[in-house]
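Visitor:
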Amino acid sequence: MTRPTRTVPDRIRTIIDREKLTDGAYALGWKAVRKLPEPAAKALGRRIADTVWKRRGKGILRLEANLARVVPDATPQRLAQLSRAGMRSYLRYWMESFRLPAWSKERIRGGFAPADVHHLVDGLKSGRGVILALPHMGNYDLAGAWVTTKLGVPFTTVAERLKPESLYDRFVAYREGLGMEVLPHTGGAAFGILARRLRAGGLVCLVADRDLSASGIEVKFFGEAAKMPAGPAMLAVQTGAMLLPVTLWYDESPVMRGRVHPEIEVPQTGTRAEKAAAMTQMMADAFASGIADHPQDWHMLQRLWLGDLEPREPARRTDVPDGGAPGTDGAPAGARRTERS
């Protein structure tokens, strides 16, 4: 017996139903997890992480394949340990994020302990404007809330347009509630606003370790070719703002750790494109140093290296398998997004 052919309206209804389910699941998470006692929320996160890890889905296999580049001498057993720890780190991010709007200002101020934060403080005092560029590590929503609460500095970031639209609206409202200005990713319009904020001496924060669009800059990352977004370096070249990489990680304490890396300076010679390419490679190197030290806290469950991409894989639109990486350019599980341009 042959299966009946599904019509286009059937497919559209299926997508709409999935989007409603995804939005409802995240709405429930924000509402329910926020009310749990912290020990119960932590235990729930670990159980979910371990359950997903044991299923060995596409996201887990991709995470292990990515970690194999980061830790090339790791045995299969070591990679399995790292991927399990990685999922626990990833779910810690989500449990914290669901609860973060209910945290007191004192809790936020004490929840993050970055090293070398003087690079950021001095940069802001200089009036040049500062770009913080981060990989998908730790919890940059918490780091952002710490900046707005502890340092009292507002900043601007960019969010990809998630599907369903209601989920995108939830993420924007959530981040705006933490004191961030969130711009929709609309190509040149977003870039222009970011440039204006920087020229006024402001702060811009961008997640910047994955870009499959036509404008991404090719870099060597753990010895292989990958693409990273041109935006952070191009903004620094065009506005004179400081470009500071930041890496984040967890330890066994309730406090997230991090490091503000030294400024990536604009090269003295070369075209704008050449300067941006050189700076993006230095940014990738800074990310690699932090990721190598704390591989389990790098939440990269998607293809990143060019050698892993299918020849005809679309660069503009993607479905994120088994839980995408979180953050300003990451999509949660079940959501769809548009890649950077």
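So for the sequence shown, the working numbering puts the first residue at 767; every next one is plus one. We put the CB at the ideal spot given by N, CA and C, even for glycine.
What are the residues that DSSP puts in a beta bridge with Trp-819?
Guide: DSSP, once it has assigned bridges, lists no residue as partnering Trp-819.
Visitor: Looking at the secondary structure, which residues open and close the beta strand (DSSP E) in which Thr-1037 lies?
Guide: Element bounds for Thr-1037: n/a, residue is neither H nor E.
Visitor: Spell out the partners DSSP gives Ala-899 in its beta bridges.
Guide: Leu-972, Pro-1011
Visitor: Give the single residue among Arg-873, Asp-1017, Lys-891 whose Cα lies nearest to the Cα of Ala-1007.
Guide: Lys-891
Visitor: Shortest alpha-carbon distance to Arg-976 belongs to which of Val-799, Trp-1015, Gly-825, Leu-900?
Guide: Looking at the Cα atoms, Leu-900 is the closest of the given residues.
Visitor: Helix, strand or coil for Thr-841? Go by DSSP, reduced to three states.
Guide: coil
Visitor: Mind checking whether Leu-917 and Cys-971 have CB atoms under 8 Å apart?
Guide: no
Visitor: In the DSSP assignment, find the unbroken alpha helix (DSSP H) run with Leu-944 in it and report its ends.
Guide: Careful: Leu-944 lies outside any alpha helix (DSSP H) and carries neither H nor E.
Visitor: I'd like to check one pair, Met-1049 with Pro-1011: are the Cβ atoms closer than 8 Å?
Guide: yes
Visitor: Which one of Ala-840, Leu-857, Val-799 has the shortest CA to CA distance from Val-818?
Guide: Leu-857
Visitor: Could you name the residues that DSSP lists as bridge partners for Met-1022?
Guide: Phe-878, Tyr-1016
Visitor: Measure the C-alpha to C-alpha separation of Gly-910 and Asn-832 and round it to an integer number of angstroms.
Guide: Per the coordinates, the alpha-carbon of Gly-910 lies some 26 Å from the alpha-carbon of Asn-832.
Visitor: Would you report the Cα separation of Asp-805 and Gly-823, rounded to the nearest angstrom?
Guide: The question names Asp, but residue 805 is Pro in the sequence shown. Near 27 Å, if we compare the C-alpha coordinates of Gly-823 and Pro-805.
Visitor: Less than 8 Å between the C-beta atoms of Met-1022 and Gly-945, yes or no?
Guide: no
Visitor: Please name the residue in Leu-848, Val-919, Ser-1055, Ile-1057 whose C-alpha comes closest to that of Gly-968.
Guide: Val-919
Visitor: Which residues in the same chain have their Cβ closer than 6 Å to the Cβ of Arg-965, if we skip the five residues on either side of it in sequence?
Guide: Here the set comprises Thr-1005.
Visitor: May I ask you to report which of helix, strand or coil DSSP gives Glu-1029?
Guide: coil
Visitor: Using CA coordinates, which residue listed in Lys-820, Glu-1018, Trp-912 is at the minimum distance from Pro-880?
Guide: Trp-912
Visitor: Less than 8 Å between the CB atoms is what I'm expecting for Asp-1063 and Ser-849, so what's the real figure, rounded?
Guide: Not a contact, Cβ separation roughly 12 Å.
Visitor: Could you tell me the distance, in whole angstroms, from the CA atom of Leu-949 to the CA atom of Glu-942?
Guide: Rounded to whole angstroms, the separation of the alpha carbons of Glu-942 and Leu-949 is 10 Å.
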